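Peer 1: After the structure tokens below, expect a handful of questions from me.
There are 2 protein chains.
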Amino acid sequence: MDEKRLQNIPLRNIHIHDQFWDKYIGLVESVILPFEWDLINDRVPGAEKSYCMQNFRVAGGLEKGTHQGTVFQDTDVAKWLEAAAYSLAKKPDQELEKTADAAIDLIIGAQEPDGYLNTYNTILGKGRFYDLFEGHELYTAGHMIEAAVAYAEATGKRKFVNSCAKLADYLCSVFGPEEGKIHGYPGHPEIELALYKLYKYTGKQDYLRLAQYFLDVRGQQPCYFLSESNYQNGTFIFKEFKDFGMDYCQADRPLAEQDKAEGHAVRAVYLYSGMADVAAETGDERMLRQCEMLWENIVRRKMYVTGSIGSAAYGERFTTDYDLPNNTNYSESCATIGLAMFSNRLFQITKDGKYMDVVELALYNTLLSGIALDGRHFFYVNPLECVPEVAEHNPTMRHVKTERQLWFGCACCPPNITRTLASMGNYMFHVGGNTAYLNLYLAGEIEAPLPEGTMRMTVEADYPATGRIRICLHPEKSRQDAEIALRLPAYSAGRYQLLVNGQRISVAKDDAGHEENRRGIDSGERAVYRKGYLYLNRRWQDGDLIELDLDVAFRFVYGNPKVRDDIGKVCIMRGPSVYCFEEADNGAYLAGCRIDTSAPICTEENPDLLGGTLCAVVSGSRIDYRSVGSDEPLYSAKRPVYQPCHLKAIPYACWNNRGKGEMQVWMREE
Amino acid sequence: MDEKRLQNIPLRNIHIHDQFWDKYIGLVESVILPFEWDLINDRVPGAEKSYCMQNFRVAGGLEKGTHQGTVFQDTDVAKWLEAAAYSLAKKPDQELEKTADAAIDLIIGAQEPDGYLNTYNTILGKGRFYDLFEGHELYTAGHMIEAAVAYAEATGKRKFVNSCAKLADYLCSVFGPEEGKIHGYPGHPEIELALYKLYKYTGKQDYLRLAQYFLDVRGQQPCYFLSESNYQNGTFIFKEFKDFGMDYCQADRPLAEQDKAEGHAVRAVYLYSGMADVAAETGDERMLRQCEMLWENIVRRKMYVTGSIGSAAYGERFTTDYDLPNNTNYSESCATIGLAMFSNRLFQITKDGKYMDVVELALYNTLLSGIALDGRHFFYVNPLECVPEVAEHNPTMRHVKTERQLWFGCACCPPNITRTLASMGNYMFHVGGNTAYLNLYLAGEIEAPLPEGTMRMTVEADYPATGRIRICLHPEKSRQDAEIALRLPAYSAGRYQLLVNGQRISVAKDDAGHEENRRGIDSGERAVYRKGYLYLNRRWQDGDLIELDLDVAFRFVYGNPKVRDDIGKVCIMRGPSVYCFEEADNGAYLAGCRIDTSAPICTEENPDLLGGTLCAVVSGSRIDYRSVGSDEPLYSAKRPVYQPCHLKAIPYACWNNRGKGEMQVWMREE
């Protein structure tokens with residue numbers, strides 16, 4: 004473990020003005036937050052009812068009624084508040100803050116005197132913590148705590164965080180190794196990482212200890228969940244839970260024995276995020292190695308090329324190594340967000356760029372696939388291949404929506420996407436010691452608080468449309484000593500150019516690293532390459548210019564041949580962006596198309612398409628469906644007839660913004 | 004509609020001695036019937052409990068207890084009895100008949116005084132016919148009736164059929180258009196075709212009328228099922244039924260408006276079989292056209308190359324046209340049997356060989372895939388592609404078993420396979436007027452009762468290992484006038500040879516037909532080709548020899564390009580037999596293999612393999628997995644490396660008889 008975990012910098016210090024990301028981030032304040040507020044208040048015609056705010060009013064005694072929605076319905080409000088907090092952190096907004104304050108008052112009004120906070124149980128009064136396997140009480144508490152910490156950090160107002168600290172204190176009094184306490188743990192992890200956040204915010208060790216306890220006790224045998232009354236009686240909240248093994252929620256064995264990612268994907272990556280937090284904080288090297296092993300298992304065996312995870316809908320789960328079907332997969336938006344959270348933590352702890360490569364993949368592809376360009380429609384499930392006619396008629400794909408929805412009865416994903424978009428700064432940028440890490444190349448301005456003074460950096464980029472990154476530095480002090488670490492994405496390794504003030508910089512490899520950028524004029528100055536980052540250590544003057552050119556040229560990507568579903572196929576990427584083929588550009592029967600990978604991938608700029616999109620055009624061939632009569636038999640000796648064609652691809656992130664139609668990422672190779 | 008429906012001939016007149024089929028049919032009496040008897044009596048260690056006979060003892064008051072198993076558990080006994088009846092029809096067996104008589108006594112002992120017969124409702128006493136959508140009472144009654152008719156025909160004993168006639172009389176008194184009667188119909192069709200059988204056996208018009216009523220009222224709007232109390236109260240017997248639309252059981256619209264096969268595949272084909280029976284009997288041309296349309300929709304849009312149907316597990320149902328996934332499909336054994344039943348009826352009614360082509364496909368492939376060569380293990384679900392590691396870990400395929408099972412809690416398939424094997428004669432052979440139809444070329448002897456005398460025929464064949472069929476005729480009378488109709492399978496159209504007594508016969512086409520077999524020595528005698536049959540009309544002498552040589556050479560078969568799942572792939576067939584590739588012969592990662600279709604398919608005789616099997620060996624190439632390191636990334640620019648190889652295929656019918664392993668029917672084409 005590296006000596007110190009890298010830190011976020013305040014979101015108010017990061018100003019994003021990026022052509023690609025502004026299409027989404029720009030909507031957070033103006034569209035998404037108000038829209039989602041209306042949704043959780045059940046004011047959007049045509050959307051599924053959420054009952055979120057109503058539940059709080061009922062629990063707080065302001066309204067008569069019962070609880071409606073899922074057991075974890077409260078979390079939609081928490082995630083909305085967390086997103087609002089990030090937004091307020093970046094830019095004050097009295098109206099939004101007033102709304103948030105009112106929501107917080109409603110929440111606190113629903114809190115019980117001892118700190119317990121959960122509208123489902125408060126309203127229904129069936130008792131607390133009797134079904135940790137399914138009940139989501141600790142999961143809900145976790146989201147409340149995350150929101151409260153974010154709100155306190157954003158606004159300085161401590162009312163909400165104090166209320167959540169009271170909730171956490173109550174949890175500390177109920178759970179733990181001591182006799183008389185519950186020796187259980189959450190069916191759905193989340194509280195662990197939240198308690199870590201609260202511990203970091205308050206400094207109170209109890210919260211870290213409880214997080215650690217939840218990790219230590221998890222999966223101990225005999226499994227706690229099996230002893231719970233609902234499980235014993237077969238009276239499940241979610242009927243399918245009776246079929247789920249304990250691996251579904253990572254409780255089939257102690258965490259120390261879990262070396263493969265198993266079960267429900269969101270639970271897994273939320274759990275692993277908490278494990279990484281606690282391991283780093285307590286210096287638990289063994290648990291950290293385990294996190295790394297789990298991450299490797301995901302990224303080398305169980306992740307889609309779009310950075311999504313969860314190969315099966317039933318159980319919304321990981322399946323087995325290399326099993327990555329493209330049209331029946333779950334690939335939940337929340338799971339991708341969790342994978343980004345987990346990877347981001349491992350980067351902060353290890354400073355290894357491979358983790359940030361996965362963050363980038365997840366954010367540039369599946370995170371954005373989850374939201375429409377209008378900011379009002381969402382995907383929960385993100386297939387890599389969709390034929391609407393089939394997905395709508397074959398119940399094997401009944402979890403797949405062929406168009407983004409306004410909202411979902413179980414709406415974990417939309418506000419999760421929102422809070423992630425609102426906090427992109429926490430993925431883009433970190434500081435540690437005298438080093439400022441630039442992870443993601445969104446254009447904008449950053450004021451990085453470094454020990455010798457604030458380093459203001461202006462980033463010019465239109466990534467990944469181009470790989471041209473220009474960083475202009477404005478140190479607080481003249482000749483300020485600082486190290487700037489620039490991420491060199493794995494796809495561009497060995498193919499980049501680095502200049503400072505117009506002078507080419509040669510890069511020395513570290514012990515494990517590569518040696519690159521040696522050619523050309525050598526300024527005498529050196530950068531060091533270490534685990535995916537280029538470290539530039541010098542005394543910076545105002546106006547110093549770093550020029551980094553990455554190779555984002557379109558490329559063909561193959562799946563590992565052990566991924567049966569991708570055999571014989573190829574996909575197209577540009578930098579971290581996966582491209583896909585849509586019916587809107589290419590007509591139907593994409594399955595009948597083949598790509599000629601010996602021909603170049605041409606670039607086509609479409610300023611009017613999807614808010615300005617760089618498209619890829621490839622050569623290939625396709626079955627001539629005019630030669631296939633409607634009376635043709637299903638099976639015959641007739642070989643299909645192919646015709647040459649051109650095919651056009653758009654970023655996967657933008658698919659399904661032009662109505663319903665076929666989409667395919669992996670295309671057959673000619 | 005042709006003037007008269009073709010008739011079965013008594014099973015005792017058909018003696019099968021066929022190298023290929025004896026492996027299965029030979030087991031019916033010696034292994035399967037005794038084994039299944041033990042199963043339904045819960046005497047097989049390791050098998051799931053059936054409770055079948057126990058339920059009858061409890062319902063009859065012979066034993067204390069409650070009902071166990073599904074609502075239609077009785078049908079396993081009925082199907083066992085039906086199979087036993089066919090077996091007894093072919094060959095008397097005192098022991099078996101004694102066992103069957105005892106079972107029948109138990110059944111009759113469980114019948115209520117008014118004729119009602121159903122252990123589930125008799126034991127639980129919740130009332131009758133209150134949940135036709137799910138309750139399976141009429142389905143169960145149908146199977147009882149089928150068994151009783153078969154038993155009476157086999158043994159001449161009328162006790163069981165009288166008891167079932169009483170049941171049918173009771174149903175006639177309860178259901179019907181008259182005021183005061185129930186205007187409902189079965190959620191699971193079957194009673195329709197059973198009532199038709201009982202009508203044919205007894206001559207009682209009421210049964211035909213009730214069958215017709217069930218067809219007439221089906222799907223009338225508002226749908227009857229929606230008015231039932233369980234549906235209204237949401238108290239479903241099968242929890243998933245609440246998600247099923249009325250199309251699931253072909254009740255979303257009147258039958259006259261149903262022109263595409265929809266919903267649960269078994270229900271559909273059982274229903275269509277009853278429709279065909281009633282249409283033919285009542286001369287309802289419109290309903291018959293509808294049957295033909297539904298059949299065409301299945302066979303041209305929704306049938307696997309193996310003759311199986313049901314593309315989705317959830318709802319065990321048809322999905323949409325051309326949607327035929329190979330590894331997530333249901334392809335239930337019972338559905339294939341139902342398709343054979345439906346097709347057989349349409350053939351009997353229309354004399355069009357295309358229906359018999361489908362019967363042959365279904366019986367030679369999926370029927371046999373459902374049963375192991377030991378006669379004791381069964382598949383319910385018949386995928387065309389299976390990777391055990393994936394099927395066992397990806398819950399999308401949780402319906403797929405990777406090895407045949409001893410029995411199933413819901414065990415509709417095993418006894419259904421048994422009754423079909425035991426009654427193969429009803430598919431092989433029909434008579435109509437002075438014509439004897441040879442449909443399937445199993446070796447054996449047939450005594451066909453024709454108007455001018457019995458025609459004994461000895462069929463020599465080892466089909467489809469060879470296409471050489473030799474039929475020696477022994478008419479009862481000298482120079483007996485008779486027409487022999489020989490099926491010319493579609494795959495051999497234009498490629499066959501027909502001789503009588505060594506003289507080549509030229510074949511005249513009929514109005515719609517082909518003109519073939521013109522080359523070579525012409526005996527002057529002609530055959531007529533009409534809709535898939537070669538009609539030989541002459542005066543036959545004892546010892547006359549018909550020689551038919553079909554072209555069963557291995558061939559490559561392509562899917563219609565609208566079947567996305569088969570694009571770029573090819574499969575191998577020999578006659579009606581689909582071949583498949585198994586890990587046992589070819590190693591793992593069949594998905595990484597490609598076939599060179601420009602190279603010939605070689606024949607390999609394996610006398611020791613699976614009881615003697617003709618294998619196909621093809622050339623091709625496969626990914627060299629030794630070049631794929633375990634640390635290789637999931638996605639990269641690295642193109643897979645292929646190596647030339649040979650691949651061996653065995654009949655799909657015999658797959659999974661050598662332990663668990665990968666299997667694949669459709670292979671990528673090089």
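Just so you know, the protein sequences line up as chains A and B, in that order.
Quick note: the first sequence uses this note's numbering, first residue 4, plus one each step.
Quick note: the second sequence uses this note's numbering, first residue 4, plus one each step.
In this text, a Cβ means the ideal position worked out from N, Cα and C, and glycines have one as well.
In this text, all values refer to a predicted model and were calculated from it rather than measured experimentally.
So for N385 of chain B, helix, strand or coil by DSSP?
Peer 2: Three-state DSSP puts N385 of chain B in coil, outside helix and strand.
Peer 1: Please state whether DSSP places R430 of chain B in a helix, a strand or coil.
Peer 2: The sequence as given places Tyr at residue 430 of chain B; Arg does not occur at that position. Looking at Y430 of chain B - three-state DSSP - the assignment turns out to be helix.
Peer 1: Helix, strand or coil for R270 of chain B? Go by DSSP, reduced to three states.
Peer 2: Note: R270 of chain B maps to helix in three-state DSSP.
Peer 1: Any C-beta of chain B sitting closer than 7 Å to the C-beta of T353 of chain A?
Peer 2: No, T353 of chain A does not count as interfacial toward chain B.
Peer 1: Any residues in the stretch 292 to 304 of chain B with a beta carbon nearer than 8 Å to a beta carbon of chain A? Which ones, in chain order?
Peer 2: Listed by position along the chain: V302, R303 and R304.
Peer 1: With C-beta atoms as the reference, is L409 of chain B less than 7 Å away from A50 of chain B?
Peer 2: Yes, they are a contact pair.
Peer 1: Check whether the Cβ of L501 of chain B lies closer than 7 Å to any Cβ atom in chain A.
Peer 2: For L501 of chain B, the answer is no, since every Cβ of chain A falls outside 7 Å of its Cβ.
Peer 1: Thinking V302 of chain B and V362 of chain B are a contact (beta carbons under 8 Å), I'd like their distance in whole angstroms, please.
Peer 2: Not really, about 11 Å apart at Cβ, beyond 8 Å.
Peer 1: For N675 of chain B and P386 of chain B, which I take to be in contact (beta-carbon distance under 8 Å), what is that distance rounded to the nearest angstrom?
Peer 2: The requested residue 675 of chain B is not part of the displayed model; chain B covers only 4 to 673.
Peer 1: Kindly list, in the order they appear in chain B, the residues whose Cβ is closer than 7 Å to that of G595 of chain A.
Peer 2: Within 7 Å Cβ-Cβ: P564 and I570.
Peer 1: Which residues, taken in chain order from the stretch 627 to 642 of chain A, show a beta carbon closer than 8 Å to some beta carbon of chain B?
Peer 2: Answer in chain order: Y628, V631, D634, E635, P636, L637, Y638, S639, A640, K641 and R642.
Peer 1: Report the rounded CA-to-CA distance for G138 of chain B versus F75 of chain B, giving the unit in angstroms.
Peer 2: Cα-Cα distance, rounded: 8 Å.
Peer 1: Mapping DSSP to helix, strand and coil, what is C583 of chain A?
Peer 2: Strand.
Peer 1: DSSP state of S509 of chain B, grouped into three classes?
Peer 2: Three-state DSSP puts S509 of chain B in a strand.
Peer 1: Go through its chain and collect everything with a Cβ distance to A591 of chain B's Cβ below 7 Å, but skip five positions before and after it.
Peer 2: Correct list, in chain order: E665.
Peer 1: Expressed to the nearest angstrom, what Euclidean distance is found between the alpha-carbon atoms of R521 of chain A and R542 of chain A?
Peer 2: With a pLDDT of only 40 at R521 of chain A, under 50, the local geometry of the prediction cannot be trusted, and the value read off the model is given with reservation. For R521 of chain A and R542 of chain A, the distance between alpha carbons rounds to 22 Å.
Peer 1: From this set, B:G318, B:L274 and B:T285, which residue's C-alpha is nearest W298 of chain B's C-alpha?
Peer 2: Comparing Cα positions, the closest option is B:L274.
Peer 1: Within 7 Å of any Cβ in chain B, is that where the Cβ of A315 of chain A sits?
Peer 2: Closer than 7 Å: yes.
Peer 1: Where are the beta strand (DSSP E) runs, 3 residues long or more, that stay fully inside the stretch 588 to 642 of chain B, in chain order?
Peer 2: With a minimum length of 3 residues, the continuous beta strand (DSSP E) runs that stay inside the stretch 588 to 642 of chain B are 596 to 598, 605 to 609 and 616 to 626.
Peer 1: Please report whether the beta-carbon of S369 of chain A lies at a distance below 7 Å from any beta-carbon of chain B.
Peer 2: In the sequence under discussion, the amino acid at residue 369 of chain A is Thr, which differs from the Ser named in the question. No - not a single Cβ of chain B is within 7 Å of the one on T369 of chain A.
Peer 1: To the nearest angstrom, how far is the alpha carbon of G190 of chain B from that of C252 of chain B?
Peer 2: Whole-angstrom Cα-Cα distance: 6 Å.
Peer 1: What residues from chain B crowd round T405 of chain A, counting only those whose CB sits closer than 7 Å?
Peer 2: Here the premise fails: no neighbours, minimum Cβ distance about 13 Å.
Peer 1: Do we get a CB-CB distance below 7 Å when we pair E85 of chain B with the residues of chain A?
Peer 2: E85 of chain B does not count as touching chain A.
Peer 1: Does the stretch 274 to 283 of chain B come close enough to the stretch 196 to 208 of chain B that 3 or more CB-CB pairs lie under 8 Å?
Peer 2: The stretch 196 to 208 of chain B is in contact with the stretch 274 to 283 of chain B.
Peer 1: May I ask you to report which of helix, strand or coil DSSP gives A485 of chain B?
Peer 2: Note: A485 of chain B maps to strand in three-state DSSP.
Peer 1: Grab me the residues of D599 of chain B's own chain with a C-beta within less than 6 Å of its C-beta, minus the 5 sequence neighbours each way, in chain order.
Peer 2: Excluding residues within five positions, the ones whose Cβ falls inside 6 Å are S622, G623 and E673.
Peer 1: Does any residue of chain B have a CB that is nearer than 7 Å to the CB of G318 of chain A?
Peer 2: Chain B, which has a Cβ nearer than 7 Å to the Cβ of G318 of chain A, makes this yes.
Peer 1: Based on Cα-Cα distance, which residue from B:K207, B:E100 and B:I240 lies nearest to K160 of chain B?
Peer 2: When only C-alpha atoms are compared, the closest one is B:E100.
Peer 1: Under the DSSP definition of a beta bridge, which residues are partnered with D552 of chain A?
Peer 2: BP columns for D552 of chain A point to A:R471 and A:Q500.
Peer 1: Distance check for D209 of chain B and Y202 of chain B, CA to CA, integer angstroms please.
Peer 2: Spanning the two alpha carbons is a distance of roughly 8 Å.
Peer 1: Roughly how many angstroms lie between the CA atoms of V393 of chain A and F321 of chain A, to the nearest whole one?
Peer 2: Their Cα atoms are separated by approximately 24 Å.
Peer 1: So is D326 of chain B in contact with chain A if we call contact Cβ pairs under 7 Å?
Peer 2: Yes - at least one Cβ of chain A is within 7 Å of the one on D326 of chain B.
Peer 1: In this structure, does DSSP put R303 of chain B in helix, strand or coil?
Peer 2: Reduced to three states, the DSSP call for R303 of chain B is helix.
Peer 1: Compare the C-beta of E392 of chain A against all C-beta atoms of chain B and say whether one is closer than 7 Å.
Peer 2: E392 of chain A counts as touching chain B.
Peer 1: Taking Cβ to Cβ, would you say N660 of chain B is nearer than 7 Å to L593 of chain B?
Peer 2: The answer is no: Cβ separation not under 7 Å.
Peer 1: Can you name the residues of chain B whose CB is closer than 9 Å to the CB of Y561 of chain A?
Peer 2: Those within 9 Å of Y561 of chain A in chain B are Y638, S639, A640, K641, R642 and P643.
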